[in-house]
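**Student:** Submitted below is the structure of interest, expressed as structure tokens.
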Amino acid sequence: AKELGRNNLQVFTEEMAAKAHEKLKQQEELRQALARQEFFLQFQPQMNLATGRVFAAEALLRWRHPERGTVSPAAFIPLAEETGLIVPIGDWVLRAACRQARAWQDEGLPPLIISVNVSARQFRERNWAAHVAAILTETGLDPFRLELELTESLIMQDVPGAIATMHELQAIGVHLAIDDFGTGYSSLSALKRFPVRRLKIDRSFVADIPTDLDDNAITAAIISLARNLGLRVIAEGVENQAQVEFLRQSGCDEIQGYFFSRPLSAPDFEALMLQPRFS
Ligand code: C2E
Ligand code: CA
Ligand code: CA
Ligand code: CA
């Protein structure tokens, strides 16, 4: 038994060493990915249920890895957060998204809002709002064309600090949305103090409507909460017609999800927008 224990320990430490090594390697690859221009964006349309028009696109980060092919953000954002690399990466995303939105404007696409995900590390950078303003100036995008998606957990880490930064962003003309709404712990009393324009109902609630009665109740409650607070509300992860009908009947303003469109490359998004029914 003693012998076995020692072997197990040895295997264990070797495994740990291998894991640590793998992590270091990934960290280094992630660091180099920016310089090697391996990141790119996809754009998922957001549709207004009343008009059927695409009014916005969410920019979603992708990594074209030299060996592993396209890597999803879920696989590398946590490491990027942990190492702080999310700050320069997020900066790249914001700049690239604004530049793309401005290019579409110049090409005569219908007016669009570009929505960009923000991580806590980025949001807490000193003078971040001024930095966002500088990127808007640099790329020539009108501030009201940019919407930043903040998660509840980001806001709840430091509510007064977050509200102050949110007001600074609002002052430069940028709009804000709360992403993954319902999954965090933002108190309803705090919500009314957040200068946000839109709530995004988390995909986990949308997935099983209209068959899961609890999810129906939660989704309908979020929609009516948003409406009563004068906020717009969008459901994410909408995959089928039954969900659309439930959301429509519950008074949801907008949808995003595979039902309407997967995230698209920039040229594919552009082609979609140039179809007569969206312009
Ligand atoms: P998120 O902000 O909740 O983004 C929505 C995710 O849902 C995207 O996954 C999108 O592809 C996926 N999705 C959209 N429609 C559907 C649907 O109908 N069904 C299902 N099952 N999924 C759908 P993606 O692109 O893999 O991104 C995952 C997460 O990574 C995002 O979740 C966001 O938290 C994060 N992320 C993506 N891009 C960025 C970024 O530029 N910066 C930061 N900080 N985070 C990012
Ligand atoms: Ca998002
Ligand atoms: Ca989300
Ligand atoms: Ca989500």
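With the numbering used here applied, the sequence shown corresponds to residues 571 to 849, in that order. Built from N, CA and C at the ideal position, the CB exists for glycine as well. This structure is a prediction, so every number in the text was calculated from the model and none was measured.
1. Should Leu801 go down as buried or exposed, given a rule of 16 or more other Cβ atoms within 10 Å for buried?
2. Quick one: does the C-beta of Arg694 sit closer than 7 Å to a heavy atom of ligand 1?
3. Since Gly731 is in the beta strand (DSSP E), which residue starts that stretch and which ends it?
4. Using the rule of at least 16 other Cβ atoms within 10 Å of the residue's Cβ for burial, across every protein chain shown, is Asp749 buried or exposed?
5. Since Ile825 contacts Ile804 with CB under 8 Å, what's their CB separation in whole angstroms?
6. By how many angstroms is the C-alpha of Ala690 removed from the C-alpha of Leu724?
7. Using CA coordinates, which residue listed in Lys595, Asp676, Glu815 and Pro765 is at the minimum distance from Gln740?
8. Is it right to say Met843 is buried, meaning 16 or more other beta carbons lie within 10 angstroms of its own, or is it exposed?
9. Asn687 lies in the beta strand (DSSP E); which residues open and close that run?
10. Is Gly752 near ligand 1, with its Cβ less than 7 Å from a heavy atom?
11. Looking at C-beta atoms only, is the number of pairs between the stretch 599-609 and the stretch 653-668 that lie closer than 8 Å three or more?
12. How big is the Cα-Cα spacing for Glu717 and Pro681?
13. Taking 8 Å as the limit between beta carbons, can you name the residues of its chain near Leu649, skipping five residues before and five after?
14. For Asp712, tell me which candidate among Arg696, Glu585, Gly743 and Val729 has the shortest Cα-Cα distance.
15. From Leu817 to Ala629, what does the alpha carbon distance come to, in whole angstroms?
16. Please tell me whether, using a cut-off of 7 Å, the distance from the CB of Glu719 to the nearest non-hydrogen atom of ligand 2 is below it.
17. List, from N- to C-terminal side, the beta strand (DSSP E) runs of 3 residues or more that fit wholly inside the stretch 740-805.
18. Look at the alpha carbon of Ala671 and the alpha carbon of Ile683, and state the distance between them as a whole number of angstroms.
19. Is Phe610 near Arg638, with beta carbons less than 8 Å apart?
**Tutor:** In terms of the structure at hand:
1. The count along the sequence shown starts at 1 and reaches residue 801 at position 231. Result: buried.
2. Here residue 694 refers to the residue found at position 124 of the sequence shown. Checking every heavy atom of ligand 1 against the Cβ of Arg694, none is found closer than 7 Å.
3. Numbered from its first residue, the sequence shown carries residue 731 at position 161. Taken as a continuous stretch (DSSP letters only), Gly731 belongs to no beta strand (DSSP E), being part of the alpha helix (DSSP H) at Val729 to Ala741.
4. The sequence position of residue 749 within the sequence shown is 179, counting from 1. Asp749 should be labelled buried.
5. Locating residue 825 in the sequence shown gives position 255, where the first residue counts as 1. Locating residue 804 in the sequence shown gives position 234, where the first residue counts as 1. Contact holds; Cβ gap of about 7 Å.
6. Within the sequence shown, numbered from 1, the residue matching residue 724 stands at position 154. Within the sequence shown, numbered from 1, the residue matching residue 690 stands at position 120. Leu724 and Ala690: Cα-Cα distance of roughly 5 Å.
7. Translated into the one-based positions of the sequence shown, residue 740 becomes position 170. The option with the nearest alpha carbon to Gln740 is Pro765.
8. Position 273 of the sequence shown, counting from 1, holds the residue named residue 843. Its Cβ being crowded by 16 or more others within 10 Å, Met843 is buried.
9. Counted from its first residue, the sequence shown places residue 687 at position 117. Residues Ile683 to Asn687.
10. As a first step, residue 752 is located in the sequence shown; it is residue number 182 there, counting from the start. No, since every heavy atom of ligand 1 falls outside the 7 Å radius drawn around the Cβ of Gly752.
11. yes
12. Along the sequence shown, read from residue 1 onward, the residue named residue 717 stands at position 147. Along the sequence shown, read from residue 1 onward, the residue named residue 681 stands at position 111. Spanning the two alpha carbons is a distance of roughly 14 Å.
13. The residue given as residue 649 occupies position 79 in the sequence shown. Cβ within range, chain order: Lys593, Gln596, Gln597, Leu600 and Leu655.
14. One-based indexing of the sequence shown puts residue 712 at position 142. Among Arg696, Glu585, Gly743 and Val729, the Cα nearest to that of Asp712 belongs to Gly743.
15. The residue you call residue 817 lines up with position 247 of the sequence shown. The residue you call residue 629 lines up with position 59 of the sequence shown. Cα-Cα distance, rounded: 23 Å.
16. For the purposes of this step, residue 719 is taken as the residue at position 149 of the sequence shown. Yes, Cβ of Glu719 sits closer than 7 Å to a heavy atom of ligand 2.
17. 745-751, 768-771 and 802-805
18. Along the sequence shown, one-based indexing puts residue 671 at 101. Along the sequence shown, one-based indexing puts residue 683 at 113. Rounded to the nearest angstrom, the two C-alpha atoms are 8 Å apart.
19. Taking the sequence shown and counting its residues from 1, one reaches residue 610 at position 40. Taking the sequence shown and counting its residues from 1, one reaches residue 638 at position 68. In this structure, Arg638 does not lie closer than 8 Å to Phe610 by Cβ.
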